[in-house]
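> With the numbering used here as the guide, the letters of the sequence shown map in order to residues 634 to 718.
Quick one: structure below, then a few questions.
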Amino acid sequence: MTEHRKDLVDALSQSLKAIDDDYKEEMRELRILFEDAKKEAEKNEPDSVKLRALLSDGNEMVKTFAGLDPVWQGVQRVARLFGML
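Listed below in structure tokens is the structure:
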């Protein structure tokens, strides 16, 4: 495995851990996508087209989630305030 792909696998592993630690259900689809990308990157001869597509999709999902995260945090705070969480 090249150093570049090792860095990619490490970054994906860290992202998966962060999702598991902080987000659970709301990031289920992104977690699956990152897991698929990590498995592809770990292969001796990864399919670069597939890997690029997975990472591109992940990039778009992260952008979308980043924009919605403040709203989600607000909804959770209100739900806690009313004893719903």
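Ideal placement from N, C-alpha and C gives every residue a C-beta, glycine not left out.
Predicted model only: the values in this text are computed from it and were never measured.
How far does the alpha helix (DSSP H) with K676 in it extend, from its first residue to its last?
For the purposes of this step, residue 676 is taken as the residue at position 43 of the sequence shown. Premise fails: K676 is in no alpha helix (DSSP H) and is neither H nor E.
> My understanding is that K666 touches G691, with C-beta atoms under 8 Å, so please give their C-beta distance in whole angstroms.
Indexing the sequence shown from 1 puts residue 666 at position 33. Indexing the sequence shown from 1 puts residue 691 at position 58. Strictly speaking, residue 666 in this sequence is Leu, with Lys absent from that position. Confirmed, Cβ separation roughly 5 Å.
> Is it true that the CB of A670 sits closer than 9 Å to the CB of L645?
Taking the first residue of the sequence shown as 1, we reach residue 645 at position 12. Taking the first residue of the sequence shown as 1, we reach residue 670 at position 37. For L645 and A670, yes; Cβs fall inside 9 Å.
> Measuring only the C-alpha atoms, how far is D653 from V695?
Along the sequence shown, one-based indexing puts residue 653 at 20. Along the sequence shown, one-based indexing puts residue 695 at 62. Those two C-alpha atoms are separated by around 15 Å.
> Tell me whether T697 sits in a helix, a strand or coil according to DSSP, three-state version.
Start at 1 with the first residue of the sequence shown, and residue 697 comes out as number 64. Residue state, collapsed to three classes: helix.
> Taking E636 as part of the alpha helix (DSSP H), name the residues at either end of that continuous run.
Numbered from 1 along the sequence shown, position 3 holds the residue referred to as residue 636. 636–655 is the span of the alpha helix (DSSP H), which, as asked, contains E636.
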